[in-house]
């Protein structure tokens with residue numbers, strides 16, 4: 018109902034047709050009209066005279082016949098359908114422009130004449146919150162301020178955007194005024210009641226630099242001053258760009274993994290079959306030395322491990338405060354993660370005298386999750402497809418000493434009779450007679466929702482064997498075995514313990530995982546192309562049907578509706594296939610990372626690589642945390658390995674001069690990548706040093722027996738290199754320096 022008051026007295030009230038809810042209302046003094054937007058999404062104009070002499074609101078119950086006979090029926094002056102609800106209406110009249118009606122819609126901005134005709138309209142990119150037509154700077158145009166829900170303020174001259182600026186809040190009301198003789202102040206009101214006065218532009222500077230008196234330059238004094246400044250700069254650079262302090266002085270971060278599982282598992286929405294999924298609690302403690310604001314803790318684990326909460330915010334308002342947060346970790350999907358190591362990263366800003374806004378800093382703390390979180394005891398398997406043998410230089414240790422715990426003990430002894438009664442040769446023959454309870458030489462593991470892994474230890478040959486049906490599942494058990502062996506001998510004070518690998522490098526199994534991952538990437542690309550084609554077809558059929566429906570003379574559809582329905586079903590099926598392929602690709606990438614970790618570990622044990630050299634291999638083989646169609650693992654790793662082959666693993670300076678392509682594209686196949694990996698192993702076997710220091714760029718001065726093959730430039734040369742490499746890994750031909758140790762030469766003879 019529209020009510021009109023004269024002073025304090027109620028004059029009359031009118032029910033506007035189609036106005037279920039009140040919309041924005043404005044009065045035009047030029048035409049003596051009220052302009053509003055009804056619930057029909059129409060801009061409507063009512064003359065005041067018509068409103069005054071129409072039927073009163075309290076008499077609206079009279080019959081239609083009486084209304085028609087009275088001659089006082091409410092009629093609209095003009096209407097305009099804008100197709101959306103209006104947020105605000107403004108009527109402005111400037112001396113340089115005609116009177117206009119401005120309507121701000123939900124998606125468009127309209128400018129109307131007094132008679133309802135559209136003068137212009139503008140489609141907005143973002144949902145508006147308020148607007149204000151404020152002036153006319155040129156004849157026939159109007160400047161308008163429009164605020165939106167992205168906290169932006171746009172200034173339009175008619176439909177042309179003249180300026181855009183960022184506000185600290187969403188403006189719900191706008192005005193332009195003059196404050197303290199400063200014209201053009203923009204006053205904005207936020208949704209939480211904050212008022213802000215802003216100003217666009219700058220005042221002209223009236224300062225003029227004084228004329229400098231010309232004087233002769235003393236070059237000797239300038240030279241002395243320059244040397245002093247250079248000395249200051251050099252001393253400052255030696256200390257670092259920022260005043261360096263120990264990160265632990267500002268903030269200490271520690272993580273503790275609970276020794277026991279949660280009494281009530283926190284695992285939700287798991288997809289691992291019938292196995293009960295445990296969860297374990299990790300506590301991260303932060304202790305600050307100085308005042309720190311908004312320190313953000315982010316926790317990362319390898320999928321499919323998930324966290325109950327991975328983001329935390331801290332406010333250290335006082336020094337020497339201690340804050341502790343706890344979260345649970347559990348396995349969500351039915352495949353194994355590539356690592357059991359988690360990372361807690363804290364980012365914060367520290368204010369200094371030189372930089373009061375704060376210097377961004379990051380400190381991290383790593384923690385290791387227990388193997389039992391993703392693995393269960395199981396019966397050992399007699400046979401397996403994939404087997405690895407790790408050699409040590411110390412007597413074998415009972416597996417109970419390495420894997421203590423009642424659960425491992427119970428399951429291992431229950432399956433011991435099966436393993437001891439077997440007629441395995443080699444390593445397993447040493448396990449046949451188990452009499453002492455403290456000597457267990459076989460253990461079985463089963464990953465939750467995954468495959469089985471068997472660990473065998475020999476009594477006489479100082480060897481451990483790991484075997485499984487899946488090649489990538491060997492990684493976690495092998496790595497866990499080596500870590501526990503080092504920890505076991507370290508507690509006994511033995512410092513010369515070492516592991517080695519003298520078997521055949523499992524490149525063929527590794528290449529099968531690479532091919533499977535690359536095949537899923539190719540399938541994803543084909544599915545996306547097919548989905549694009551079906552989407553184009555779907556839109557074309559829609560256009561055909563729309564043309565038929567708009568035609569005044571109906572024509573037969575010619576089964577276009579059936580074709581539209583079939584195309585729609587194909588689009589949905591292809592979208593589901595793409596989602597399934599992406600899920601398989603993610604799992605394949607996780608398994609590929611596990612296999613890559615295993616290959617790097619075996620190469621390090623095989624060639625006795627240092628920690629820095631293993632870090633180089635990890636940077637080359639594991640450059641990505643996520644795999645996408647735009648940037649995939651294959652092309653990235655191929656470029657990294659090619660760089661190593663042409664720098665530190667090169668034979669001559671001619672190879673080092675070759676330039677690599679700066680653009681990474683998805684390859685047609687994986688043959689080049691597999692040949693580069695084989696060539697890298699071949700170069701390492703021939704004694705080429707893996708190093709990224711400056712002296713590594715120089716040609717190798719030590720000539721190894723057998724020499725180093727150059728990077729193949731043709732398919733024929735690559736084929737010969739591949740044959741040499743296959744012969745190397747099948748016959749265990751190891752090229753060593755002339756000063757090779759006798760024990761290594763003896764081991765080579767045993768292996769051959």
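In my numbering, the protein residues as written are 18 to 769.
C-beta atoms are modelled at their ideal positions from N, C-alpha and C, and glycine is treated no differently.
Bear in mind the structure is a predicted one, so any value in this text is a computation, not a measurement.
| Query | Result |
| --- | --- |
| Residue 585 - partner residues in DSSP beta bridges | None; residue 585 has no bridge partner. |
| Segment contact flag, the segment 564-580 with the segment 534-551, C-beta cutoff 8 angstroms, min 3 pairs | no |
| 8 angstroms Cβ shell around residue 383 - same chain, five flanking residues per side excluded | 272, 358, 359, 360 and 361 |
| Three-way DSSP call (helix, strand, coil) for residue 137 in this model | strand |
| Residue 540, DSSP secondary structure in three states | helix |
| 3-residue-minimum beta strand (DSSP E) runs that sit fully inside the segment 471-558, ordered along the chain | 480-485 |
| Backbone CA spacing between residue 245 and residue 227 [nearest angstrom] | 29 angstroms |
| Endpoints, the alpha helix (DSSP H) within which residue 6 is located | Any question about residue 6 goes unanswered here, given that the chain covers just 18 to 769. |
| For residue 352 and residue 604, believed in contact at Cβ under 8 angstroms, the rounded distance | 5 angstroms |
| Cα-Cα separation, residue 265 to residue 314 | With a pLDDT of 48 at residue 265, under the threshold of 50, the modelled position of that residue is not reliable, and the figure given next carries that caveat. If you take the alpha carbons of residue 265 and residue 314, they lie about 15 angstroms apart. |
| The segment 401-408 in contact with the segment 473-485 per 3-pair CB rule at 8 angstroms | yes |
| Residue span of the beta strand (DSSP E) that contains residue 367, given as start and end | 358-367 |
| Supposed contact pair residue 55 and residue 841 - C-beta distance, whole angstroms, cut 8 angstroms | This structure does not reach residue 841, given that the chain is present from 18 up to 769, and the question cannot be answered. |
| Residues near residue 282 in its chain [Cβ-Cβ closer than 6 angstroms; skip 5 each side] | 295 and 296 |
| Proximity winner among 595, 638 and 597, relative to residue 614 (alpha-carbon distances) | 638 |
| Host beta strand (DSSP E) of residue 689 (start-end) | Run containing residue 689: none in the beta strand (DSSP E); it sits in the alpha helix (DSSP H), 688-702. |
| Host alpha helix (DSSP H) of residue 348 (start-end) | Element bounds for residue 348: not the alpha helix (DSSP H) but the beta strand (DSSP E), 339-348. |
| Reference residue 191; option with closest CA among 321, 154, 552 and 212 | 212 |
| Residue 95 versus residue 559: straight-line alpha-carbon distance, rounded | 36 angstroms |
| Rounded Cβ spacing between residue 623 and residue 518 (contact assumed at less than 8 angstroms) | 5 angstroms |
| Own chain residues within Cβ distance below 8 angstroms of residue 505, not counting five before or after | 414, 418 and 419 |
| Nearest to residue 410 (by Cα), restricted to the options 551, 609, 683 and 516 | 516 |
| Beta strand (DSSP E) runs contained entirely in the segment 152-230, provided each spans 3 or more residues | 160-165, 169-174, 177-183, 188-196, 199-207 and 212-216 |
| Distance CB(residue 203)-CB(residue 189) smaller than 8 angstroms | no |
| Reference residue 335, options 318, 345 and 305, closest by Cα | 305 |
| Beta strand (DSSP E) runs contained entirely in the segment 96-134, provided each spans 3 or more residues | 103-109, 117-122 and 125-129 |
| Completely contained beta strand (DSSP E) runs for the segment 304-330, where each covers 3 or more residues | 309-317 and 322-324 |
| Rounded separation between residue 200 and residue 151 - CA only | 13 angstroms |
| In DSSP terms, what residue 403 is bridged to | 485 |
| Residue 19: first and last residue of the uninterrupted beta strand (DSSP E) it sits in | 19-23 |
| Any 3 or more C-beta pairs closer than 8 angstroms across the segment 677-697 and the segment 645-659 | yes |
| Inter-residue CB distance, residue 380 and residue 268 (contact presumed, cutoff 8 angstroms) | 6 angstroms |
| Sheet register partners of residue 71 (DSSP bridge) | Looking at the DSSP assignment, residue 71 forms no beta bridge with any residue, so it has no partner. |
| Neighbourhood of residue 107 by C-beta distance below 6 angstroms, restricted to the same chain and skipping five residues each side | 119 and 150 |
| Cα-Cα separation, residue 459 to residue 628 | 31 angstroms |
| Buried versus exposed, by CB contacts within 10 Å (16 or more), residue 497 | buried |
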